[in-house]
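Here the structure is laid out as structure tokens; the discussion comes afterwards.
Number of protein chains: 2
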Amino acid sequence: MEQKLIYTNRVGEALDSLVDSFGTPEVYVLCDVNTKSFVLPVLTAQSTAVADAKVIITRSGDANKNIEALASLWKSLSDLGATRQSVLVNVGGGVVTDLGGFGAATFKRGMHFINVPTTLLGAVDAAVGGKTSVNFNGLKNEIGAFADADAVIISSCFFNTLPQQQLLSGYAEMIKHALLQDKAMLDRLLGYSVVYPQFDSEALLRLLEESVAVKQNIVTQDHGERGIRRALNLGHTAGHAIESLAMKYQSPVPHGYAVAWGMVVSLVLSHMELGFPSDILHRIADYVLKNYGPYDLTCKEYPELMDFMRHDKKNASPDSIAFTLLEDIGKPICGYVVAPDKIEAALDIYRDLMHI
Amino acid sequence: MEQKLIYTNRVGEALDSLVDSFGTPEVYVLCDVNTKSFVLPVLTAQSTAVADAKVIITRSGDANKNIEALASLWKSLSDLGATRQSVLVNVGGGVVTDLGGFGAATFKRGMHFINVPTTLLGAVDAAVGGKTSVNFNGLKNEIGAFADADAVIISSCFFNTLPQQQLLSGYAEMIKHALLQDKAMLDRLLGYSVVYPQFDSEALLRLLEESVAVKQNIVTQDHGERGIRRALNLGHTAGHAIESLAMKYQSPVPHGYAVAWGMVVSLVLSHMELGFPSDILHRIADYVLKNYGPYDLTCKEYPELMDFMRHDKKNASPDSIAFTLLEDIGKPICGYVVAPDKIEAALDIYRDLMHI
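Below, the structure written as structure tokens:
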């Protein structure tokens, strides 16, 4: 089943017409404490379905995307009398759509759900593509399901409450999508100013539309992530390792920032191994340095970084490290194994590019 | 995806060849305390895959099919280093295949799993058809997923350790399948003696094969239970109500017994409403009375029974009570709403037929 994607800043209207099209079932809304304060009042004013809905609140933050929150969501749905025909509307960032999607997909073996991502990262990444999950046993997204939302309403109207860092975090995933697609899309993205609060919200919605379409197209070809979907992992092998390292040193970095730095590493490797054009590598590296700053790495940390890469969930075997690389823009190669000494060389070049 | 069903009493051999066909991944076996004692030693002797597997034990009994057991299964898989490529072999009755199936379907968003049902009820019902679940919030199967096993190995070689009551419990579901299919199958079933320990195990495997095929055929047409799959609910509206009533009085009855009594009620209603042949109704009623005995009902309990029927998970609205009825053998009508006074009349006739 392909997910229905709706791009609009008239979110309440879109929700009401979706709920109508489902035969006006009972509606439940899942919010975290932030979206309850900043987004729910807006939607309540705009949408009869939301105004009449029963609201369930979950705690914000990735640390609360756990099975306790999941059990609490299940309990609320069960106690409030939700049925398979009811619809859960997940209003929030990735934590809310991951948790709410998994909760809905497993409540009575599956009730309807709609995602309303309220962060740029959520809109471009988490809310689309059917990956739902919670963290478990100290591991990210260890438990979950592939389960498509009945619909995702993608808007940019809630982003003006986001801090600049969160905007940039989502923007890194958009750049990743452009690298998987074509140069014109990349040019448009690098030319757009995502700086808060001057950014043009309608223009961002149009960029978002073409960006999400890249992901949707890939996911439709490979829902269960056995082939081409791994292209979306571009920048994530080194990115996740940086994220884990930063977490270990108790100075966590936003996911999109780690992806931005990881992308630079991937493009260096792509250039070394597959002749990816160096001018584009330098353009991306400069953009990342200017907007995201450098992630400070020393060569002492290389062994630990490589260890994280070896044990990444998507790495097939701990004996080798595989990357998604690019021959050129729009030409991904998945599962490309790179020898440790070459990865170290790429990390050296990354440090040069980041002026470290 | 259609589930691969393998009918054989050489279970170990079948398992090894399946695991080979998956590229010999790491194997995990889920048992309960009973199958650990009675079945695991047999499989360990027959199968290299099982002999080399890591074994995870869960507590037996429906009361232990809960999210604590689920979290414990997830934790074991995670700690033991299972990956998406690993395979979980669920060895047991419905509790093990429901729990293990749901655990596997949601571990890292889905690892492989194989069901090896060791009870007749498990083989004919729980292990096939992709319904996985745990009980939650005092409700049966409140949380779960539709997730097909990669394969189900159906055998009759473990049934000789089952008490007579458990054999009959599974046999009721086989009679249900025959009623949904054709008269010749019903004749074969009613003519076979399922009495322990004289039953012919190979003949039972052949009856099982044609019985499971009925379910598989229906499930393939309607995996998500939106249409014809509800035919499998024959006997379950009144059956679940009797089960709940018995539970409430703290003298629980086996699921299949409740289905047997519920089938008599459904056939009475089918005769009253749709002209279902009375000779078959009487044959089934006599068979149930002789083998299962009566479930003692008084008319004082009618209101409570009807209340349970109204709130059954598969009943669309609490304002009315819908049944799966039969116009004739092989001709089910799903979602047939019957007025309360007619249900009471049918319960009166049920009591006559059961000589209460």
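Top line first, the protein sequences correspond to chains A and B. Here my numbering is used: the first residue of the first sequence is 2, the next is one more, and so on. Here my numbering is used: the first residue of the second sequence is 2, the next is one more, and so on. We treat Cβ as the ideally placed atom computed from N, Cα and C, and that holds for glycine. Bear in mind the structure is a predicted one, so any value in this text is a computation, not a measurement.
Check	Outcome
Under 8 Å, do B:G236 and B:L122 count as touching if we go by C-beta distance?	no
List the residues that DSSP assigns as beta-bridge partners of A:D329.	A:K332
Under 9 Å Cβ-Cβ, which residues of chain A neighbour B:G111?	G145, A146, F147, G225
Just checking: is the beta-carbon of A:T325 within a distance shorter than 8 Å of some beta-carbon in chain B?	no
Looking at the strands, I want to know which residues DSSP matches up with A:T58.	Per the sequence presented here, residue 58 of chain A reads as Ile, with Thr not at that position. Looking at the DSSP assignment, A:I58 forms a beta bridge with A:C32.
Going by alpha carbons, who is nearest to A:S73 out of A:A50, A:A64, A:G104, A:A52?	A:G104
If you compare alpha carbons, which of A:G101, A:G95, A:G24, A:R85 is closest to A:V30?	A:G101
Does A:K216 have its Cβ less than 8 Å from a Cβ in chain B?	no
Here's a check: name, in chain order, each residue in its chain whose Cβ is nearer than 6 Å to the Cβ of B:G336, leaving out the five neighbours to either side.	A323
Taking only beta carbons into account, state which residues of the region 118-145 of chain B come closer than 9 Å to chain A, listed in chain order.	K132, T133, S134, F137, N138, G139, L140, N142, E143, I144, G145
Using a Cβ-Cβ cut-off of less than 9 Å, list which residues of the region 308-325 of chain A approach chain B; keep chain order.	K314, A317
Taking Cβ-Cβ distances below 7 Å as the criterion, which residues of the region 64-78 of chain B are in contact with chain A?	I68, A72, W75, K76
For A:T107, would you say it is in contact with chain B, using Cβ-to-Cβ distances shorter than 8 Å as the test?	yes
Could you check whether A:R85 and A:K66 sit closer than 8 Å to each other, using their CB atoms as the reference points?	no
Going by the CB atoms, is the gap between B:M186 and B:E211 shorter than 8 Å?	yes
Quick one, which of A:A54, A:Y296, A:A70 has its alpha-carbon nearest A:S61's?	A:A70
Ordered along the chain, which non-local residues of its own chain (more than five positions away) have a Cβ less than 7 Å from that of A:N234?	K315, T325
Apart from the five residues just before and just after B:T36, which ones in its own chain have a Cβ nearer than 6 Å to its Cβ?	V92, G93, T119
Quick check for students: name the residue ranges of the alpha helix (DSSP H) that lie wholly in the region 162-193 of chain A, counting only runs of 4 or more.	165-182, 184-192
How about A:V125 and A:G171: are their beta carbons less than 8 Å apart?	yes
Compute the distance between the beta-carbons of B:Y8 and B:L181, then report whether it is under 8 Å.	no
Give the secondary structure of B:L298 by DSSP, where H, G and I count as helix, E and B as strand, and everything else as coil.	coil
Starting from A:S134, follow the beta strand (DSSP E) in both directions and report where the run begins and ends.	132-137
Residues in its own chain within less than 6 Å of A:I281 by CB, not counting five upstream and five downstream?	none
Quick check on B:F309: does DSSP put it in helix, strand or coil?	helix
Cα-Cα, which of B:I344, B:T133, B:S318, B:V12 is closest to B:A239?	B:I344
Am I right that B:V213 and B:I285 are in contact with their C-beta atoms under 8 Å? What's the rounded C-beta distance?	Rounded, the Cβ-Cβ distance is 20 Å, inconsistent with contact.
Which same chain residues end up closer than 8 Å to A:L32 when comparing Cβ atoms and leaving out the 5 residues on each side of it in sequence?	The amino acid at residue 32 of chain A is misidentified as Leu; the sequence shows Cys. Contacts found: V40, L41, V56, I57, I58, T59, V92, G93, V97.
Confirm, please, whether the CB-CB distance from A:L270 to A:E328 is below 8 Å.	no
According to DSSP, is A:H356 helix, strand or coil?	coil
Looking only at its own chain, which residues have a Cβ that is under 6 Å from the Cβ of B:G1, when we skip the five neighbours before and after it?	Lying outside 2 to 357, the shown extent of chain B, residue 1 of chain B is not represented and no answer is given.
Straight-line CA distance for A:L140 to B:D80?	11 Å
Helix, strand or coil for B:F277? Go by DSSP, reduced to three states.	coil
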